[in-house]
Amino acid sequence: MSFINYSAREINCKIVFYGPGLGGKTTNLQYIYKKTNPESKGKMISLATESERTLFFDFLPLALGTIKGFKVRFHLYTVPGQVFYDASRKLILKGVDGVVFVADSQAERLEANIESVENLRKNLQEQGYSLDGLPFVVQYNKRDLPSAVSVEELNQTLNPKGAPFFEAVAPQGRGVFETLKEIAKQVILQIKKGS
Amino acid sequence: MPDPGLIMYEEEFKQIDAELHRLHQQANAKVAFLVDKNGQLIASVGETENLDTTSLASLTAGNIAATGGMAKLLGEKDFSVLFHEGERDNIHISLIGRVILVVIFDQRSSLGLVRLRVKKSAEMLAQILQRILQKVEQTKAPSGAGGPGKEQPKSPFAEITEDDIEKLFG
Ligand SMILES: Nc1nc2c(ncn2[C@@H]2O[C@H](COP(=O)(O)OP(=O)(O)OP(=O)(O)O)[C@@H](O)[C@H]2O)c(=O)[nH]1
Ligand SMILES: [Mg+2]
């Protein structure tokens, strides 16, 4: 749910990184944080366990530039991927403008990916959203690992509707900004459509 | 879409800002700010220079969301007021419909005073927010009768091009 402020001439949009535990959601935000110049970013907040698993969310505010004289701010959030944090995931999805699904490409995580997409669909539906009507991008992360499944196979199981997808190796930054750019574009086009 | 996006117009922004200033002064507070339930900062007044209000806004919304989740588990509708006491600073958080009012204060004020002033301001803020919602409705409704809408700003976003978006990532 974007927030358009005519007084401050700002548009605020919320983008949520979703996906199975250890898939690389937090790593995406960390890379974006590292590579964004200081005047375009705020502090990154990570509410994590002692073992650095996301407990509630990560938060990174970005202000990349202006469109039509309005400052465009993106608030990036990650959810905790571990199955038992479902209540927290629901809270973070509230007011979402766009979703990035970070899939773990490893064969042994295929089941976890499927479960997480289904969980996303269900949690969106509970709030009256539909995944098919929402800006949505899929990222196949961990392409560097030997057990990575082919993209064709991943698309068949996780992305049957053919949403835009990117291959990624998040710690090295491969695919990270491509993914961000695509979801940002979709979100802004959605605002255009709604205006 | 379950929820129309929040829109803030110049006129109501000024009213909100004025109300926050009044609250800030009358409650002897350090800072007062208003946050959207999704964690987006709407307005802030007071000693905000050394305060990361963007982060505070996001954490406030997370806090309200988490306690709201707890409330539902107990069969409560919501916990509409939260209070955190520190050694130096205290933080008073109250839910007003879809926005959150946050007041930070120290020993120059008291919980009693803050609570009293927040209650008054909450009513005023709720009215202003109601007016914004009406305006948004009017703007979205197909224009026919004209209605009382006066200075409905025309959306500048209808003309966004792919090129505009490309430039963001320059
Ligand atoms: N080899 C490899 N490791 C990765 C990649 N992306 C992330 N990792 C590692 O995977 C681990 C988990 O990454 P996180 O970003 O914390 O995963 P997450 O999705 O945030 O996990 P939760 O917070 O539990 O939901 C970390 O040790 C990362 O360094 C990748 O593309 N390749
Ligand atoms: Mg994480």
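So the protein sequences, as listed, match chains F and P.
So for the first sequence, the numbering used here puts the first residue at 36; every next one is plus one.
So for the second sequence, the numbering used here puts the first residue at 0; every next one is plus one.
The beta-carbon is built from N, C-alpha and C at its ideal position, and this holds for glycine as well.
| Item | Value |
| --- | --- |
| Apply the 10 Å Cβ neighbour rule to P147/P and answer buried if 16 or more other Cβ atoms are within range, or exposed otherwise. | Note that P147/P scores 46 on pLDDT, short of 50, meaning its location in the model is unreliable and no value can be drawn from it. |
| Is it a yes or a no for the segment 66 to 82 of chain F touching the segment 47 to 65 of chain P, going by three-plus beta-carbon pairs under 8 Å? | yes |
| Do you know whose CA, among I223/F, N176/F, G229/F and E74/F, lies nearest N107/F's CA? | In the sequence under discussion, the amino acid at residue 107/F is Val, which differs from the Asn named in the question. Nearest option by C-alpha distance: I223/F. |
| Relative to the C-alpha of G168/F, which residue among A147/F, K228/F and K70/F is closest? | K228/F |
| I want to know whether the segment 129 to 136 of chain P touches the segment 106 to 118 of chain P - three or more CB-CB distances under 8 Å. | no |
| Go through its chain and collect everything with a Cβ distance to Y53/F's Cβ below 6 Å, but skip five positions before and after it. | V114, V134, F136 and L155 |
| When every heavy atom of ligand 1 is checked, does at least one fall within less than 7 Å of the C-beta of R88/F? | yes |
| Suppose contacts are defined by Cβ-Cβ distances below 8 Å. Is S185/F in contact with Q141/F by that definition? | no |
| Along the beta strand (DSSP E) that carries E45/F, what are the first and last residues, could you check? | E45 to Y53 |
| Classify Q129/P: buried if its beta carbon has 16 or more other beta carbons within 10 angstroms, exposed otherwise. | exposed |
| If you compare alpha carbons, which of N40/F, A98/F and Y41/F is closest to Y68/F? | A98/F |
| Is any heavy atom of ligand 2 found at a distance shorter than 7 Å from the C-beta of K69/F? | no |
| Using Cβ-Cβ distances below 9 Å, what residues of the segment 85 to 104 of chain F are close to chain C? | Among the protein chains in the structure shown, which are F and P, there is no chain C. |
| Measuring straight from C-alpha to C-alpha, what distance separates V117/P and H23/P? | 10 Å |
| Using the Cα positions of R44/F and L73/P, report the straight-line distance between them to the nearest angstrom. | 41 Å |
| Closer than 6 Å by C-beta to P206/F: which residues in its own chain qualify, once you throw out the five before and the five after it? Chain order, please. | T62 |
| So with CB distances below 8 Å, who are the chain F contacts of M7/P? | F38, I39, N40, Y41, S42 and A43 |
| Just list the beta strand (DSSP E) runs in the segment 58 to 111 of chain P, keeping only unbroken ones of 3 residues or longer that don't cross its boundaries, in chain order. | 80 to 84, 89 to 95 and 98 to 104 |
| Helix or strand or just coil, what does DSSP make of K196/F? | coil |
| Report yes or no: do three or more beta-carbon pairs, one from the segment 62 to 81 of chain P and one from the segment 0 to 20 of chain P, lie closer than 8 Å? | no |
| Could you check if M7/P belongs to the surroundings of ligand 4, using beta carbon to heavy atom distance under 7 Å? | In the structure on display, ligand 4 does not appear, and the ligands it does have are ligand 1 and ligand 2. |
| What are the boundary residues of the alpha helix (DSSP H) that F12/P is part of? | E9 to Q25 |
| Closer than 6 Å by C-beta to K76/F: which residues in its own chain qualify, once you throw out the five before and the five after it? Chain order, please. | L97 |
| Do I99/P and V44/P come within 8 Å of each other at the CB atom, strictly closer than that value? | no |
| Return yes when the C-beta of L57/F is under 7 Å from any heavy atom of ligand 1, and no when it is not. | yes |
| Using a Cβ-based criterion (distance less than 7 Å to any ligand heavy atom), does V204/F qualify as near ligand 1? | yes |
| From Y66/F to G208/F, what does the alpha carbon distance come to, in whole angstroms? | 6 Å |
| Does DSSP put D35/P in a helix, a strand or coil? | strand |
| Can you pull the chain P residues whose beta carbon is under 8 Å from the beta carbon of V172/F, in chain order? | Those within 8 Å of V172/F in chain P number zero; the least Cβ separation is about 14 Å. |
| Under the rule that 16 or more other beta-carbon atoms within 10 Å means buried, what is E86/P, buried or exposed? | exposed |
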